[in-house]
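Participant: According to the numbering used here, the sequence shown is numbered sequentially starting from 13. Just so it is clear, CB atoms sit at the ideal spot from N, CA and C, and this is done for glycine as well. The structure that follows is given in the form of structure tokens.
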Amino acid sequence: MKQLMFHDDPPFWFETLRNLGLAAYGGSDVGEVIATAARVTPGDYDSWHDAWLSTAERLEAEARGSHPVSARDGLLRASSYYRAAEFFLHGHPEDPRIDHAYERGVSCFRDAIAHFPGVTPVEIPYEDTVLHGYLYRAAGEGPRPAVVMHNGFDGAAEELHFSGALGGQERGYHVLTFDGPGQPAAIHRDGPAFRPDWEHVVGPVLDILTRDPGVDPAHTALLGVSLGGYLAPRAAAYEPRLAAVDALDGVFDAVSALTAYLPLPHEEAVRRVAAEHDEEMDRLIADARARSPILRWAFDHGRYVTRTSNDREFLAEYARSSFKDGSAGKITCPVLVCEATDDLFYSTTEESDPRKLYRHLTAPKTLLSFTEEEGGDAHCHPGALRLAVARIFDWLDDTI
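The following block contains the structure:
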């Protein structure tokens, strides 16, 4: 979408748009977002944090003194703004502001959802720890179809409330959201780092969900958002219990979004970042991140969630999230691949990543594009969340 603010800083604009979009399900208010963003100095991560933290703290204080419905609404919005506050700070994981804003945001969210019928926090056993998430129970008797939802590179389970969980619940689906390894609940609480073989994550989640007597295990789907558009199809390639999978948006080769900024062919860059030492490559990466606000954020956050020690090591780890191994052809359930026609990360100037994924699928498949005319052409469609949720769940109605 056209950048209405932060014209020279695409990540700052995209995160502003992302927070504007949450208004569709009560996760923000338009004036609050614009007024907060207007106080931010472009490119200044500290300024971004201070502006969003101030709004979150003011709103939380007012909400906690309000009547129940007003408190619920205010705490939901405060939770979003706390999440925004710490978003760009991950280049310095020891910064106490990160965990402070995260914990305040989760606290606000959990206090807010206590006012929503059928929504409860859950803990899912996983290896020697637990995964944190939320179960949204649909109204009605008898086993219901279910959707498991997760985010990707940087989104949280709490954000999924606004981008599908609430919409699915009101359409008659039980929805289970969770943070997996490397995602916010895990990384903030010293849990496991990110891993690309997501079938080992989804399996334990399905173990719990499909034993629930209210869930119809034969009609359970998986929905992955952002990098989840790689993780969810990857899990579906090795998880036969899924009746359908949705990639919102589709990702074929995750690291291609970053190697595009390097002055090297993609394959050479992937080969060289895997080397134990490559000082020239380190210099090329440093030069590229100095020129690109997108790379600056992606490398900082990437080291944080993969727990790698430098940018080259992160790229090597990130390169493992790819369907070049042929696993897309192992998926047997129906697949919905969503595409943003002006994606900030996966450009459509040539063949887009969603279309590459779609082309490699052999299972029943549907490609769904969101356009500028619809306000949905940005990555994961934050400008058209109601439209996206409607189309996705209509597809699930028809499919499962």
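In the DSSP assignment, find the beta strand (DSSP E) that holds His393 and state where it starts and stops.
Facilitator: Element bounds for His393: n/a, residue is neither H nor E.
Participant: Taking its Cβ as the centre, do 16 or more other Cβ atoms sit within 10 Å of Val3, making it buried, or is it exposed?
Facilitator: Nothing about residue 3 can be read from this structure; the chain reaches only from 13 to 412.
Participant: How many Å lie between Thr28 and Phe18 at the Cα?
Facilitator: So the alpha carbons of these two residues sit roughly 9 Å apart.
Participant: Taking the continuous alpha helix (DSSP H) assigned at Glu385, which residues delimit it?
Facilitator: Unbroken run through Glu385: none, as it is neither H nor E.
Participant: Where does Arg89 land, buried or exposed, given buried means 16+ other C-beta within 10 angstroms?
Facilitator: Per the 10 Å Cβ criterion, buried.
Participant: As a quick exercise: from Ala97, Gly338 and Arg207, pick the residue whose alpha carbon is nearest that of Ser59.
Facilitator: It is Ala97 whose Cα lies nearest to the Cα of Ser59.
Participant: Mind the definition here: the segment 169-177 touches the segment 219-233 only if three or more C-beta pairs lie below 8 Å; say whether that holds.
Facilitator: Result no; under three Cβ-Cβ pairs closer than 8 Å.
Participant: Whose CA, out of Arg332, Tyr316 and Asp312, lies closest to the CA of Val263?
Facilitator: Considering only alpha carbons, the answer is Arg332.
Participant: Which residues in the same chain as Ser381 place their Cβ atom closer than 7 Å to its Cβ, once the five residues preceding and following it in sequence are excluded?
Facilitator: Counting only Cβ-Cβ distances below 7 Å, and skipping sequence neighbours, we find Glu351 and Thr353.
Participant: If you reduce the DSSP assignment to three classes, tell me which class Gly461 lands in.
Facilitator: The structure shown does not extend to residue 461, since the chain is modelled only from 13 to 412, so the question has no answer here.
Participant: Quick check: the Cα distance between Glu329 and Thr318, rounded to an integer number of angstroms?
Facilitator: Cα to Cα, Glu329 sits roughly 7 Å from Thr318.
Participant: When you compare the segment 237-251 with the segment 155-168, are there three or more beta-carbon pairs, one atom per stretch, that lie closer than 8 Å?
Facilitator: At 8 Å Cβ cutoff, the stretches touch.
Participant: Is Arg51 helix, strand or coil by DSSP?
Facilitator: Coil at Arg51, not helix or strand.
Participant: With 16 as the cutoff for other CB atoms within 10 Å, does Ile404 come out buried or exposed?
Facilitator: Ile404 is buried by the Cβ-count criterion.
Participant: Measuring alpha carbon to alpha carbon, tell me which residue in Arg95, Val217, Thr378 and Ala255 is nearest Cys345.
Facilitator: Of the listed residues, the one whose Cα sits closest to Cys345 is Ala255.
Participant: Could you name the residues that DSSP lists as bridge partners for Ala328?
Facilitator: In DSSP, Ala328 forms no bridge with anything.
Participant: Quick one, are the C-beta atoms of His391 and Phe357 less than 9 Å apart?
Facilitator: Yes, the pair counts as a contact, with Cβ atoms nearer than the cut-off.
Participant: For Val401, which of helix, strand or coil comes out of DSSP?
Facilitator: Residue state, collapsed to three classes: helix.
Participant: Hey, out of Gly341, Asp140, Thr374 and Ala63, whose CA is closest to Asp202's CA?
Facilitator: Nearest C-alpha to Asp202: Asp140.
Participant: Measuring only the C-alpha atoms, how far is Thr378 from Arg109?
Facilitator: Taking the straight line from one Cα to the other gives about 42 Å.
Participant: Taking a contact to mean a Cβ-Cβ separation below 9 Å, would you say Leu147 touches His173 in this structure?
Facilitator: Contact flag unset, no.
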